[in-house]
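Chains as they are written, first to last, in our numbering: chain V, 167 to 576; chain G, 4 to 110.
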């Protein structure tokens, strides 16, 4: 092990014979800001492509991406879902005990989290979500012109999510930034990741402190997790790490989902009219937003043993980028992937991942998006762009940096 | 390819051929069976692919997977001893002819 060549904290590999090779940097800011050509190039080159820049494999065709992403036996998460292989180097923070872990350890923590985030639990939050959305939308409609990322996409989750978790400490900037740091850290050692690591050093102590039992109320999801620790389902030392996972994965992601939804409807006014005419389409509309914009665009896996992808041999220790954004726009799967249609019902999209690591917070994410879109659909006749809406490069998240909008009241 | 029959709450019967290894849920979605929603796509994070395994098949479909009981608690219709999440039943040649009944509602 000592002599092996490392690149980005994982073992450099020799690509299997005949595998397409593509000299591209998937984490270049220009690519991250406007990834469609990269997605198409990846799909076009084949089911699996070797990328020498980071010595990784990348997948963009739907079938292969889905198969590898769901195959937790061959493609493990415990060695990190970014470029660093935790087996050959230390991660930047103690690993997540639900994301960066395999069965059987994963089964235990996943169970605690999926119970705490089940549809039954989320149903009890619907009233609170609806009320908060109503209030915020009223305020924003009265204002007319908004910067929707900060004023709406960030503010809504920051209003409701800490309440759901039962947090006594709330800081919009820190909570949103922490998620961005976690996701940027999944990329290579580029400027984005370095900035994230520096910021993480400042805010990680705040986050860990906020996860402590005494900083949580007794009626939130955080308390449910601590109760499971009392019941012996997880260790006492594991509870704060699971609460931390709620904060890493439950804020920035939802912020992105809401922002991306507003972008889709501003860009497709006909679909907004349709949603207003048929409010029941809100659930499928959410799925279509996630398919069309892939808030999490890339997650990695590591080959846990020698295996195969699409007939090519893959050696143990190989890092594999699963490009969810490319899979969600694969014409072989979706027919007309570049059309945003709220009644598409894109079953099997990769917006929440797939398999045993599929997003455990997806019910809350849907609940939050539903509340916001429902309130908007009732009160806003048209959503119009009010200036440029640039994307914000992030090594794993596809989010808007700014979204100036005009809300035309109904 | 093994066949599976879905009997919806209103009595509509649909028989589909399952690709090997596909779940009862995936087969239903591919075949356009309305009585299964499967919002989470098979990550066992919702309970919208709830089905009742026909009594004649209950032995062969095996037991619920770990965590499936917890998630079934979120199902909107009554949970019976034969209740399963159809995403957790993989179609194998041994299940050829499987019959499942679908609840009145999933969401």
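Ideal Cβ placement from N, Cα and C applies to all residues, glycine included. Just so it is clear, the structure is predicted and the values come from calculations on it, not from any experiment.
| Query | Result |
| --- | --- |
| So the candidates are 44(G), 98(G), 15(G) and 46(G); which of them puts its Cα closest to the Cα of residue 38(G)? | 15(G) |
| With H, G and I counted as helix, E and B as strand and the rest as coil, what does DSSP make of residue 370(V)? | helix |
| May I ask you to list the residues that DSSP assigns as paired with residue 486(V)? | 223(V) and 467(V) |
| What residue range does the alpha helix (DSSP H) around residue 448(V) cover? | 448–459 |
| Roughly how many whole angstroms lie between the Cα atoms of residue 89(G) and residue 32(G)? | 11 Å |
| Pick helix, strand or coil for residue 235(V), following the three-state DSSP scheme. | helix |
| Which residues, in order along the stretch 400–424 of chain V, keep a beta-carbon less than 8 Å from a beta-carbon of chain G? | none |
| Less than 9 Å between CB atoms is the rule here; does residue 469(V) satisfy it with respect to chain G? | no |
| Which of the three DSSP states, helix, strand or coil, is assigned to residue 547(V)? | strand |
| Is the separation between the beta-carbon of residue 416(V) and that of residue 384(V) shorter than 9 Å? | no |
| Going by other Cβ atoms of all chains shown within 10 Å of its Cβ, with 16 needed for buried, is residue 172(V) buried or exposed? | exposed |
| Measure from the C-beta of residue 3(G) to each C-beta in chain V and report whether the shortest distance is under 9 Å. | Chain G is shown from 4 up to 110; residue 3(G) falls before or after that span and cannot be answered. |
| Could you tell me the boundaries of the beta strand (DSSP E) in which residue 311(V) lies? | 311–313 |
| Find out if the Cβ-Cβ distance for the pair residue 265(V), residue 460(V) is shorter than 9 Å. | no |
| Assuming residue 208(V) and residue 476(V) make a contact with CB atoms under 8 Å, what is their CB distance in whole Å? | Contact flag wrong, Cβ pair sits at about 13 Å. |
| Give me the subset of the stretch 43–68 of chain G whose CB atoms are less than 9 Å from a CB atom of chain V, sorted by chain position. | 43, 44, 45, 46, 47, 48, 49, 50 and 51 |
| Apart from the five residues just before and just after residue 26(G), which ones in its own chain have a Cβ nearer than 8 Å to its Cβ? | 45, 89, 90, 91, 92, 93 and 94 |
| Helix, strand or coil, according to DSSP, for residue 83(G) in the structure here? | coil |
| Assuming residue 216(V) and residue 185(V) are in contact, meaning their beta carbons sit under 8 Å apart, how far apart are those beta carbons, in whole angstroms? | 5 Å |
| Where do the ends of the alpha helix (DSSP H) carrying residue 421(V) lie? | 418–433 |
| At a CB-CB cut-off below 8 Å, which residues of chain G make contact with residue 275(V)? | Those do not exist, as residue 275(V) stays about 11 Å from chain G at its closest Cβ, beyond 8 Å. |
| Counting only the same chain and skipping the five closest in sequence on each side, list residues whose C-beta sits under 6 Å from that of residue 168(V). | Only weak support exists for where residue 168(V) lies, its pLDDT of 45 falling under 50; the coordinates are left without a value. |
| When Cβ atoms are compared, which residues of the stretch 79–94 of chain G fall closer than 7 Å to chain V? | none |
| Who are the Cβ neighbours of residue 471(V) in its own chain at under 8 Å, not counting the five residues just before and after it? | 240 and 482 |
| Could one say the Cβ of residue 99(G) lies closer than 9 Å to chain V's Cβ atoms, at least one of them? | no |
| Contact criterion: CB-CB distance below 9 Å. Does residue 497(V) meet it with respect to chain G? | no |
| Short of 9 Å Cβ to Cβ, which residues in the stretch 182–196 of chain V face chain B? | Among the protein chains of the structure shown, namely V and G, there is no chain B. |
| Would you tell me roughly how many angstroms separate the C-alpha atoms of residue 279(V) and residue 524(V), rounded to the nearest one? | 12 Å |
| Using a Cβ-Cβ cutoff of 9 Å, what residues of the stretch 277–305 of chain V are near chain G? List them in chain order. | 277, 280, 281, 283, 284, 285, 286, 287, 288 and 289 |
| Taking residue 529(V) as the query, report the chain G residues whose CB atoms sit under 9 Å from its CB, ordered along the chain. | 42, 43, 48, 49 and 77 |
| Any contact of the stretch 269–278 of chain V with the stretch 494–510 of chain V, i.e. 3+ C-beta pairs under 8 Å? | no |
| Checking contacts by CB at 9 Å: is residue 73(G) closer than that to chain V? | yes |
| Quick check: what's the CA-CA separation for residue 391(V) versus residue 282(V)? | 7 Å |
| Within this structure, are the beta carbons of residue 322(V) and residue 453(V) separated by less than 9 Å? | no |
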